[in-house]
Every structure is written in structure tokens, then in C-alpha cells.
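Sequence positions in the sequence shown follow the working numbering and run 200 to 849. Ideal Cβ positions, reconstructed from N, Cα and C, are used throughout, including at glycine. It should be emphasised that the depicted structure is a prediction, and the values quoted were computed from it without experimental measurement. Here's the structure, in C-alpha cells; my notes come after.
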Amino acid sequence: MCGITGLFDTREQRLPDRGRLHRMNESQHHRGPDEGDLHLQPGLGLGHRRLSIIDLATGQQPIFNADRSVALVFNGEIYNYQALMAELQAAGHVFRTKSDSETIIHAWQQWGEDCVQHLRGMFAFAIHDSRRQCLFMARDRMGVKPMHYALLPDGWLLFGSELKSLLAHGGMARDLDPCAVEEYFALGYAAEPRTVFKAAKKLAPGHCLLWTRGAGSEPQPRAYWDVRFTLDNPIAQADAEAELRERLMESVRLRMISEVPLGAFLSGGVDSSAVVATMAAARPEPVVTCSMGFDDPRFNEVEFAQMVADRYRTDHHVDTVASDDFALIDTLARLYDEPFADSSAIPTYRVSQLARQHVTVALSGDGGDETFGGYRRYRLHLMEEGLRSKLPYGLRKPLFGTLGAIYPKLDWAPRFLRAKTTFEGLARHAVQAYFHSVSILRGPMRQALFSPAFQRELGGYQAFEVFERHGAQAQTRDPLALIQYLDYKTYLVGDINTKVDRASMAHSLEVREPLMDHHLIEWLATLPSSLKIRGQEGKFLLKKAMEPLLPHDVLYRPKMGFAVPLARWFRGPLKQRVRDSLLGDRLLSTGWFQREYLAHLVDAHQSGQHDYSAPIWTLMMFDSFLRQVVDAPDSIGLPVPAATVEGRAA
């Protein structure tokens, strides 16, 4: 596990600036505190920060082939590297180390761009081939590990694990992308391939990119993998349960290969509990487990985590997030480099901090909700789809559109009376309805929030286009499979994986993801959706498979989530900070927001009239981003260029 960065001259073979490359590399010191190294040659600079996990003695990077014509920097883990190494040795390749990174070098020499098809794991890497005069970048199938890049006007290509490494170069423009801002206020993040900066992009999951020096036009990323929901596996339920346990064991065993202390996150939910139970069966030593509790009982799951810890006699560690633990707001803005609105980043940061005190590698249950069908919104969507299928769109749109418009927003009421969102969803097509259901600020709210000047900058662009693009590629009409696919492409990578990567790597902790193994996901995509959601029971197959291994109360209790008490914070200890943030000069000086609507959000929430905690948090994190990233010198002391947001003073 590491941080990687680099410079590639796409036009000539100019020698990179060592000082710039050093700053880029050191900006990611937290990702690899054990070792760091640079490599420079005409047309190329590579930087690497190492967190030593496998082959502690000889796994340093950048790593080269025998004649040094191929160089690699790599972030992640290749879980099948031992089998891959044996296959490549049988083909005549000679290895100098026992590291998984060297297998990528030889895989490139053996298969070229198709090397990614042979890799099983989480990864982002860049390979430079001097003979071919090219740079090849690739990102893992589920987007667990990040890769950012930017092409400068002078022809230098910058790349790195985190945006801060590109910013540290000092030559990349920091103009904000209005379309990314629109996506952020809808979804809570800028969706792949955008970043908040116009000049920078993210390499999308399951994509690779080949840059050939002197080729002229900028190449486009190429998809090398996608999940296809065939739903055509006739397997019996009992056989599916048994096979799931076997596949989960294989996925967990692969992720337990480590030369440093290894443990697991244990939230008390089904996913992390299933991972811990499987780990306990895979080795005789007690599993080190870490849980984060809350001093607010409405969010606290530690008693369920303790049930699992007691059953498997784990070496269990618990810490508590205080109900006033909001000191991380500015830390998070610096950590994520672009606005990021998932407030569960706070407990994720804290549990990573706790885990790093005991282990260097932790397995997690991330991806289980998307993969097995665990979200409550999935069940609601299926119910709505059932209703949508009974009425033609020409009738549904005017009927439920009118009801949605006139029905009040009853945040205070029991859930069964909060029908406004349901009516609005029934007036839409499936993809539109799902986008509407997951949006933080829905379309009318963004219209009210954004100024006419900002809406002109958007030029009609709407964040829904992200879902529309992915929905067209899903190749399934199954209602559950469609929204699982949408989440794989948006929420899982843009929110969950981003949150966990930055929070864990801030503490130099490697987190591994057995429920996102692409072999497991491909198999699950063949199973009928009735094995994932059965009636009102989500994660049906996973729960049935785990019944012999986990307490009933862990499997079949209501889902709590990893939340923080925002609504109470914003009416209590953060009341004044909310006003200062939303109604202060920083947001308003952008010229992008309507002061009257900002005031409405604050007043209506703090009076108890509405629960606007999610929109307020989203705006506060954007304000903090402007202050911590755009307006302020960065963490390694580089000067920030003149303000680049239209309407701000230069």
C-alpha cells in the first residue's frame, strides 16, 4: 500500500524538475511513511511513498525490469500475485523479488495492455516503457484505489494517488469546474471522471489509459472490465448459500496475506461481522477487531459488535465518537482535496485511527450493501417500480408530479406520512427516480440554491447526466440490478471507496475489501435478484448463508448505519458556525449561491421547521474546501495561485 506520483513528458524527453517531483511525492507522505524514493530520466519522473506490507526487504519502488527499460509505481495489493508469479515463471520470466509489484512488471512484458485482465486485487499503477515510449495507467475494477491525472498546457502529464500531489506540482490551474460543483451538491462528491478542478481528472474504475510520447492528440481512457447482470444462474438456494460461504472464504484468505499485523473493522453490522466470522475460521489466532461506538445510543452498534467479538474470542478494541466530535471538519476538507459531503467520514477517520494503533492492515465489510442488496432505498425503489409498472408514464407523470408538488415536506412526521419523495419518484422513469432518491439537494433545491450566473455557467448541465450515462450501459432491465449497477459506478466509488481510502491512508492503514472481489461480484451478478432481496428482507442470501456463523440479533436487526448527529449539532453546539459558514462572505463571494435560500436553510433548520442537516453539511464542507484548499496555502507550504473562482477577487 503506497502513494504514487509522477511526471511524463508527452511531447519530448525533457528532464523533469526534481524539486517539483519531490514536493509531489512528499505531499503523500502519510500514504507511505516507511520509505520513499524518486526516479528521474529524460521525459519521466516517478515518485513513491511506501507502506510496507509484503516483501518488506525487497519490495521498494519504483521497480524495474532486468534491463531497466520498464519502470513501475504501484498502489494497492495484487491478491493473486503468488499464482501469477508461478504462471509467469513457467513462461520463462525470472523474478528478483517476492513482491506483488514485480508481477505487474512481468505481466506487462508478457501481455502488454491486457496485463490488467490477469490481476485480482485493488490497484492503481503507472508503467513506463522506454522501448515503446509510452506510459500505461490502470485502476482496479471497483475503484478501491484512486488515480488522478492532469495534462498541462506545456505537455507534461501529472499523475498521483491523491489530488494534493498534482496541486503540489504548482503548475496546474485551480479553476473550479461548475459541472463538478453541480454533481457535488446533488451527490456529495464529484463523480468519475471529473474532479472539482477543470484541469484534473480521475481515471474511472475498470479503466486504463495508454499515453504514447509524441502521439499528438490526448488519448481517451479504455474500459477493460464491467459487471454484467445476467441473473440466469438456476442454482438452488441451499447450494447458493454454501457456494457463497466458499467464495467468501477464498476472498478473505487472499486478503489475509501479510507480513505485518492484520485485523478487521467490526461495526456490528452484517457485512463486517461476516468478514470477521470468516477470518476466524481461516486461522487459529484470534482476529484483532476494532469498533467505533457513539455516545448517542441512536447510532451506537457496539453491543452487536461485542456479540461477534465474544463468539469468536477476538482481540477486540472499542473507542467512542463523542456527540460533539466536530473538530474534524477542516481536517476532512484538507484530507479529501475536493469537497466531500459524507459525514460518516468522521467515524471512519476515528476507527482508522484506532485500528492503526493495533494493526497495519484491516479487512472491512465495505461494498456489502451494494453487492448483496442491503440498502433500504433499494427496497423502496422496488416498491415504486412495482407501482410504476402498473400505470403508463403518460398518466403517472401528471398525476404523481402534481401530488409531489403540492404535498408538504413532513420531515417531522412518521415515515409513512412522508409521501412527497415517493410521489415525486413515481412521476419519473426508473433511473430518474433513483437519482432523485439519492440526491442530497434535489433538482428544485439546487435551482433555488444556485444563482442565475452560476446556472448560466452550467449551460444546462445537470448531475443526472451521470446516472443517465451509466444507466445506458447497464444492459439490464431488472429493477434491482439496474440500481446496483448505478451504485457500483457512482456511490460506491465516489463516496464509499473515496471515504475509506483517504481516512485510512491518513493514518497509514491499509484497508482490504473482500466483499468487492470482482470474482465474487461476477458470480453474484448471475443470481436472481430474489436471492438478494426477498420481500422486505435485504441481503437475503448473505444472511441465510451466515445463519450458522452469526447471532440472529446481528443478522436480523434494523440497519443503523455509520452516522453522526448532524441535526442536533446544527441546532446546538454548531449553531453559530452554521450561520458564519453559510451566510459568511466566502460562499457569497463566489457569486454562485442565492443568499436568500442559504438563509432559508439555516433558519428553517434551526427553528425545527425542517431537517436540512444534509444540505447544510454539504454547504459547510464546500465552504471549508474553499478555505482550506482554494484560498489557503497547502499543507506543504506551496503558494496558491490567484483566486480562480469567477466572482472572487484576484
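Nearest-angstrom Cβ-Cβ length linking residue i and residue j, presumed shorter than 8 Å
i: residue 411; j: residue 333; result: 5 Å
i: residue 804; j: residue 812; result: 7 Å
i: residue 562; j: residue 793; result: Not really, about 46 Å apart at Cβ, beyond 8 Å.
i: residue 722; j: residue 446; result: 6 Å
i: residue 629; j: residue 678; result: 7 Å
i: residue 685; j: residue 378; result: Not quite, the Cβ-Cβ distance comes to about 19 Å (not below 8 Å), so this is no contact.
i: residue 537; j: residue 689; result: That belief does not hold up - the Cβ atoms of residue 537 and residue 689 are roughly 16 Å apart, past 8 Å.
i: residue 426; j: residue 720; result: 6 Å
i: residue 894; j: residue 716; result: Beyond the ends of the chain as shown, which are 200 and 849, falls residue 894; an answer cannot be given.
i: residue 475; j: residue 519; result: About 20 Å; that fails the 8 Å criterion.
Segment limits, beta strand (DSSP E) that includes residue i
i: residue 188; result: Because the chain spans 200 through 849 in this model, residue 188 falls outside it and cannot be assessed.
i: residue 561; result: 560–562
i: residue 463; result: 461–464
i: residue 709; result: 709–711
i: residue 246; result: 243–249
i: residue 530; result: No beta strand (DSSP E) holds residue 530; the alpha helix (DSSP H) holding it covers 528–535.
i: residue 490; result: 487–493
Span of the alpha helix (DSSP H), counted from its first residue to its last, around residue i
i: residue 671; result: 663–672
i: residue 691; result: First-last for residue 691: undefined, no H or E at that position.
i: residue 704; result: 697–704
i: residue 423; result: Run containing residue 423: none; DSSP gives neither H nor E here.
i: residue 811; result: Residue 811 -> no alpha helix (DSSP H), and no H or E assigned at all.
i: residue 578; result: 575–587
i: residue 633; result: 629–637
i: residue 570; result: 567–571
Backbone secondary structure at residue i - three-state DSSP
i: residue 675; result: coil
i: residue 519; result: strand
i: residue 269; result: strand
i: residue 227; result: coil
i: residue 232; result: strand
i: residue 721; result: helix
i: residue 212; result: coil
i: residue 436; result: helix
i: residue 402; result: coil
i: residue 556; result: coil
i: residue 207; result: strand
i: residue 219; result: helix
i: residue 481; result: helix
i: residue 820; result: helix
i: residue 652; result: helix
i: residue 545; result: helix
i: residue 431; result: coil
i: residue 800; result: helix
i: residue 303; result: helix
i: residue 283; result: helix
i: residue 644; result: helix
i: residue 321; result: strand
i: residue 240; result: strand
i: residue 514; result: strand
i: residue 393; result: strand
i: residue 276; result: strand
i: residue 294; result: coil
Length of the line joining the Cα atoms of residue i and residue j
i: residue 570; j: residue 683; result: 7 Å
i: residue 578; j: residue 428; result: 18 Å
i: residue 573; j: residue 736; result: 8 Å
i: residue 367; j: residue 226; result: 7 Å
i: residue 468; j: residue 371; result: 43 Å
i: residue 326; j: residue 821; result: 35 Å
i: residue 230; j: residue 755; result: 37 Å
i: residue 300; j: residue 435; result: 40 Å
i: residue 351; j: residue 493; result: 46 Å
i: residue 650; j: residue 779; result: 20 Å
i: residue 508; j: residue 321; result: 27 Å
i: residue 296; j: residue 471; result: 34 Å
i: residue 215; j: residue 243; result: 6 Å
i: residue 530; j: residue 310; result: 43 Å
i: residue 308; j: residue 238; result: 20 Å
i: residue 204; j: residue 357; result: 8 Å
i: residue 829; j: residue 819; result: 15 Å
i: residue 265; j: residue 305; result: 10 Å
i: residue 615; j: residue 544; result: Model confidence at residue 615 stands at a pLDDT of 40, short of 50, so the residue's coordinates are unreliable; what they give is reported in the following sentence. Going from the Cα of residue 615 to the Cα of residue 544 covers about 30 Å.
i: residue 409; j: residue 416; result: 12 Å
Short CB-CB distance (under 8 Å) between residue i and chain C
i: residue 203; result: Protein chains in the displayed structure number just one, and chain C is not present.
heavy atom of the ligand GTP below 7 Å from residue i C-beta
i: residue 411; result: Absence of the ligand GTP is noted for the structure shown, with no ligands found whatsoever.
Considering only residues of the region 730–797, which uninterrupted alpha helix (DSSP H) runs meet the minimum length of 4 residues and lie entirely inside it, listed in chain order? 739–745, 751–754, 765–770, 774–781 and 784–788
Length at least 4, wholly inside the region 324–386: the alpha helix (DSSP H) runs in chain order: Counting only unbroken stretches of 4 or more residues, the alpha helix (DSSP H) elements lying wholly within the region 324–386 are 362–368 and 377–386, in sequence order.
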